[in-house]
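Presented below is the structure to which this report refers.
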Amino acid sequence: MSIAIDRTRAGSSGGGGADSVRRFLRSQRFARAASYVFLLILWWLASMYEDRFPAPLETFQFLWIEVTGGSHGGIVRGEFIEHFASTLPRFGLGIAISLVLGIAVGVLIGGSKLAEALFKDTLLVLVALPAIIWAFLTQMWFGLGDDAVVITTFLSAFPFVSVNVVQGIQAIPRELRRMSGAFHVSRMRRLRHMQIPAITGYIFAGFRFAVIIGWNAVLLAEWFSSSEGVGWRSRYWYDANRYRGFVAWVVLFIGFIVALDRLVLVRLQRRAFRWRDAQLSTIEREAEEIDVGVKGA
Amino acid sequence: MAATPTTAGHGPRGTAHLSLAARRRVRGVTGLIIGAGGFLLLWTVLSRFVFDEFVLPPPLEIGQVMWEIVESGAFATNFWATIERLLYGFGLALAIGFPVGYLMGTSRWWRAFFHDMVMVAGSIPGITYAVLALVLFGISILGPVVSVALVSMPYIAINVAEGLDSVDRKLVTMSDAFGRRRPAVVRHVLVPTIAPFAFAGVRLSFALAWKVEQLTEVFGSSSGVGFQIRREFEDFSIPGTLAWVFLFILFMLLVERFVLVRLERYLFRWRIEDQP
Chain A
-19 MSIAIDRTRA
-9 GSSGGGGADS
1 VRRFLRSQRF
11 ARAASYVFLL
21 ILWWLASMYE
31 DRFPAPLETF
41 QFLWIEVTGG
51 SHGGIVRGEF
61 IEHFASTLPR
71 FGLGIAISLV
81 LGIAVGVLIG
91 GSKLAEALFK
101 DTLLVLVALP
111 AIIWAFLTQM
121 WFGLGDDAVV
131 ITTFLSAFPF
141 VSVNVVQGIQ
151 AIPRELRRMS
161 GAFHVSRMRR
171 LRHMQIPAIT
181 GYIFAGFRFA
191 VIIGWNAVLL
201 AEWFSSSEGV
211 GWRSRYWYDA
221 NRYRGFVAWV
231 VLFIGFIVAL
241 DRLVLVRLQR
251 RAFRWRDAQL
261 STIEREAEEI
271 DVGVKGA
Chain B
6 MAATPTTAGH
16 GPRGTAHLSL
26 AARRRVRGVT
36 GLIIGAGGFL
46 LLWTVLSRFV
56 FDEFVLPPPL
66 EIGQVMWEIV
76 ESGAFATNFW
86 ATIERLLYGF
96 GLALAIGFPV
106 GYLMGTSRWW
116 RAFFHDMVMV
126 AGSIPGITYA
136 VLALVLFGIS
146 ILGPVVSVAL
156 VSMPYIAINV
166 AEGLDSVDRK
176 LVTMSDAFGR
186 RRPAVVRHVL
196 VPTIAPFAFA
206 GVRLSFALAW
216 KVEQLTEVFG
226 SSSGVGFQIR
236 REFEDFSIPG
246 TLAWVFLFIL
256 FMLLVERFVL
266 VRLERYLFRW
276 RIEDQP
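Listed in order, the protein sequences are those of chains A and B. In terms of our numbering, the first sequence opens at residue -19 and continues consecutively. In terms of our numbering, the second sequence opens at residue 6 and continues consecutively.
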């Protein structure tokens, strides 16, 4: 793993307790724990730098009340479940539409030269458009409500699915395509043994990025054009100048998507791509994982 | 169109009269024109027959508004404000990303230390950067700059680490055996290996950085493209919003096609296999 300029040397000096402490300090588990402590310290320093920015402890206290539905003082209560319950269906619907639309557009562009000439550039522009633009336009077009949120979500997310599907179709080696032509392999068998296996992994990759992008889009759309949902709730605290509540929701936003991504999506993607990535080193695979969605951009 | 004869031995496909590169370019330009034409046509049809002209103004109207924006000079000042922040942010991202990537590529301890931060950074929603930056820094240039840096840094770091990982160990050993000094090894082995990876990281994060920059400007800025888009939105002006959006798209395509692609070609002109 380490190349010629290796910093970790096997320390053999010292004995007994001191040695095991040193080994512990050098262990990767300690490194990971240290990184979290480091982040908390950064957060705490940020709260020192700017009074409006809440410190970690008070934020987590607020978060606890909000999640458990306790009282924030007076009649204002924590409303975690209500808002997640109104956001998740919109989010799910948006992602589902983006998956269907994304695969359809991707197959169209990847499979036909004419469609590629016509729509490839539009697709790349759509990939590059920030979700905020859709949030603004849909708010002006559809007003407040579910429509604007769902439409913002799938308009922001579907291009990433399409780009990945196009890549998957075009990544089929030319030799394979020519060979199956030369040996008169039937269309069905080509689809079954060549095209579908080739794009499955890319669909998963596209789906994963669609979820990540879609989450941001849902939050933005709810911030600007909704009166319920998690995005709206964080804005509620923000507008009330209660930054503790706002930052608590930011923690929830990040926690939700990171848990979804690391626990579900990355595993799906890794499984779908295991035929391709088996020989990659850990770092190559990790670079692939964080790069994959933006590669089409 | 220069009719350069292709070299013999192209098999049954050797009938082409244009060189491969020229043909590709012609095809690219034709595709672009057809694509743009098709897009404008679709848009006109949609605005005329499907939606209201108020809801989706026809391209011509947007074009006029775009022209007014360019003529008034608002285009230049706001884009420059955006670019300036983007460059500062990228500078910061490179300054932090390179050492972090170096540490990650050379030491297991630091790999483990940065692992979670780098892996998670890509999935954090952009809106959190934008609004946290607003709370922390208020309306100032610092917000967009720090957001851009935070978004791009992990990509640069992990790509630098990946580059270090792929350094040819035999070359390093050989350089040691022949008594090359460390700076020489870094200059002639490490840097050329890492450069393409680092550049890939920059290319990838560029697309993301644009978006987060826009978002940060929407929330906490008093100039820049994002701010203008927000202003038009608050005036409930669909033509104004769309005009800024399209100026933004045009500008981004220009930067992407001409600046980054040229730069890439220049930096990697020694890699023969990539040339058409």
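Quick reminder that beta carbons are idealized off the backbone N, C-alpha and C, glycines included.
Query	Result
Separation of L139 (chain B) from R222 (chain A), as counted between CA atoms	14 Å
Any C-beta of chain A under 8 Å from that of L37 (chain B)	yes
The segment 175 to 204 of chain A: positions lying closer than 8 Å to chain B by Cβ	I192, W195, N196, L199, L200 and W203
Residue burial classification, S(-7) (chain A) (beta-carbon count within 10 angstroms, cutoff 16)	Because the pLDDT of S(-7) (chain A) is 47, which lies under 50, any placement of that residue in the model is unreliable, and the question is left without a value.
Residue nearest to T180 (chain A) in terms of C-alpha spacing, selected from A:V87, A:V47, A:G49 and A:G225	A:V87
The segment 101 to 116 of chain A contacting the segment 41 to 49 of chain A, beta-carbon criterion three pairs below 8 Å	no
Separation of G194 (chain A) from L248 (chain A), as counted between CA atoms	18 Å
C-beta neighbour in chain A for P197 (chain B), strict 8 Å	no
Members of the segment 116 to 135 of chain B near chain A, C-beta cut-off 9 Å	R116, A117, F118, F119, H120, D121, M122, V123, M124, V125, A126, G127, S128, I129, P130, G131, I132, T133 and A135
Listed by chain order, chain B residues near L98 (chain A) by CB distance under 7 Å	I39, G40 and G43
DSSP state of R57 (chain A) mapped onto helix, strand, coil	strand
Within chain B, the residues that V105 (chain A) reaches when beta carbons sit closer than 8 Å	I254 and L258
Cutoff 8 Å: A84 (chain A) Cβ touching any chain B Cβ	no
8 Å Cβ cut-off: residues of chain A touching A86 (chain B)	Under the 8 Å cutoff, chain A gives no residues; its nearest Cβ is about 17 Å from A86 (chain B).
Neighbour list for Q8 (chain A) in chain B, Cβ cutoff strictly below 8 Å	R113, W114, R116 and A117
Coil, strand or helix - S166 (chain A) by DSSP	coil
Contacting residues, own chain, Cβ-Cβ under 8 Å from E266 (chain A) (five flanking each side not counted)	none
Buried or exposed by the 16-neighbour rule on C-beta atoms within 10 Å, applied to D241 (chain A)	buried
Beta-carbon proximity list for F10 (chain A), same chain, < 7 Å, skipping 5 on both sides	F4
Pair within 8 Å by beta-carbon distance, L117 (chain A) and S206 (chain A)	no
S210 (chain B) in three-state terms, based on DSSP	helix
Beta-carbon spacing of V250 (chain B), I234 (chain B) below 8 Å	yes
Cβ separation of F138 (chain A) and G53 (chain A), assumed to be a contact under 8 Å, to the nearest whole Å	Contact doesn't hold; Cβ gap of about 43 Å is too wide.
Same chain, Cβ closer than 8 Å to Q259 (chain A), neighbours up to 5 away in sequence not counted	none
Residue-level contact to chain B via CB, S15 (chain A), 8 Å cutoff	yes
For A166 (chain B) and F202 (chain B), the rounded distance between their alpha carbons	9 Å
DSSP-derived helix/strand/coil call for D51 (chain A)	Residue identity check: residue 51 (chain A) is Ser in the sequence provided, not Asp. Reduced to three states, the DSSP call for S51 (chain A) is strand.
At least three beta-carbon pairs within less than 8 Å, the segment 17 to 36 of chain A to the segment 214 to 228 of chain A	yes
Three-state class that DSSP yields for D31 (chain A) in the structure shown	coil
Chain A residues whose Cβ lies nearer than 7 Å to that of L137 (chain B)	V230
3 or more residues per run - each beta strand (DSSP E) lying fully within the segment 122 to 160 of chain B	none
Inter-residue spacing [alpha-carbon to alpha-carbon] between L247 (chain B) and S180 (chain B)	57 Å
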